[in-house]
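Residue numbers (this note's numbering): 4 to 445.
The C-beta atom is built at its ideal place from N, Cα and C for all residues, glycine as well.
This report concerns only the one structure given below.
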Ligand code: BGC
């Protein structure tokens, strides 16, 4: 981006945030062979994966300066990032994912990585959905790391074997397994009541009842009519049913605690993105021996995805060369393979070899490779909607979950009116994110 254009963008940002321009001045540091990276990978598995990236960056002679902000699904990291940018102290690289990439790029703050992408032939190397996700207005503005599968049901394989329970593939199977487990005195499901974790279970149930097309209608296109659909009522009812299977449904705990409880056998099943697999590995649990995973019942043919990405802040361009090296390094086949093995995700590269993956990753990679019609963008992980819509929808689902007195029809009415309001707002904003970032509408 030309520097005069960049200045214009800063003036625009200052106006947008109602800040005096002097507050937005950019730090002028000398180029140094180190990059500060802001992210929310603080669990053991996540740290392991960040260390892999740091090692690949070190191969380029660049130090990874870690700025990790705790908080599952990036709640804290998002806030810290916003305040740091406002203070004129943006990190060099940051984990920004999904629709948020477009929001930051629209402000002109992200480094364009077109040179790296062209040299590395990213167009051909990446799955089309990932390729579109890292582009904004025709420019590549983020480097992709790995693809997570959110529709993952973990189950305790030893327990299932001992009780002679088959891993559930359909909703009736799921109900049957829950009944058998309860009869044996085992809690079927571990679940935290943290809003994003409740919404994770819910988006899974919605995909199972409605399929990807209906899922997009509700969460991406945000159609108020879709909120009146009986498929939403059914997903809400199922959320309430599963609440009855949970260990302590009202307990609010980090996802890492829920993983620990599952690993100790306190409950037999757990619905979570496949980063939980990495965490189970770190706890000494082996896939297919101690635990296994299947797609959430009813979503076998679908892939509810979240793609991790690193974006680079332009700042004063002094770190551009190091930032480009980071983007290049994370896309190398070796880094892709090592990172995903540590993180529980699968590579974003189409030339990855599924034969080298564990059973859970292989199923995820093959599912994702089926293409856009089988894919659904995770609302919780910012793949489907902007931050405001995401938060508002999650709050409604959480309210329904916490209060058994709220009927599904009431939540449907509230969601319909929420979507109507969000539609009005997004129509007012010309060139809204929905138009540019809806990668799965094809
Ligand atoms: C990120 C993952 C992370 C998870 C839990 C997701 O939004 O994509 O990388 O492990 O949140 O914090």
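- Buried is the label assigned to residue 281, since at least 16 other Cβ atoms lie within 10 Å of its Cβ.
- In the three-state DSSP reduction, residue 321 falls in the coil class, being neither helix nor strand.
- For residue 134, the CB contacts under 8 Å within the same chain, skipping 5 residues up- and downstream, are 125, 126 in chain order.
- Counting along the chain, residue 151 sits inside no alpha helix (DSSP H); it lies in the beta strand (DSSP E) bounded by residues 146-152.
- Residue ranges of uninterrupted alpha helix (DSSP H) with 4 or more members, entirely inside the stretch 188-228 and ordered along the chain, are 198-222.
- Looking only at 244, 342, 102, the smallest Cα-Cα distance to residue 223 is reached by 102.
- In terms of CA proximity to residue 209, 238 leads the group 202, 299, 347, 238.
- Of the heavy atoms belonging to ligand 1, none sits nearer than 7 Å to the Cβ of residue 306.
- Per DSSP, residue 364 lies in no beta strand (DSSP E) segment; the continuous alpha helix (DSSP H) that holds it begins and ends at 362-372.
- Cβ-Cβ distances below 7 Å link residue 181 to 191, 248 in the same chain, with the five nearest sequence neighbours on each side left out; the list follows chain order.
- Residue 77 has its CB nearer than 7 Å to a heavy atom of ligand 1.
- DSSP, read as helix, strand or coil, puts residue 142 in strand.
- Taking every protein chain shown into account, the CB of residue 233 has fewer than 16 other CB atoms within 10 angstroms, so this residue is exposed.
- Within its own chain, no residue has a Cβ closer than 7 Å to the Cβ of residue 287 once the five positions on either side in sequence are excluded.
- Within the stretch 23-98, the runs of beta strand (DSSP E) at least 3 residues long that lie entirely inside it are, in chain order, 37-42, 66-71, 96-98.
- If you look at residue 379, you'll find it in the beta strand (DSSP E) that goes 378-380.
- Taking all protein chains shown into account, residue 114 has 16 or more neighbouring C-beta atoms within 10 Å of its C-beta and is therefore buried.
- Taking 7 Å as the cut-off, the C-beta of residue 278 counts as close to a heavy atom of ligand 1.
- Contact between the stretch 35-42 and the stretch 312-327 is established, with three or more Cβ pairs separated by less than 8 Å.
- With contact defined as three or more Cβ pairs closer than 8 Å, the stretch 400-412 and the stretch 352-367 are not in contact.
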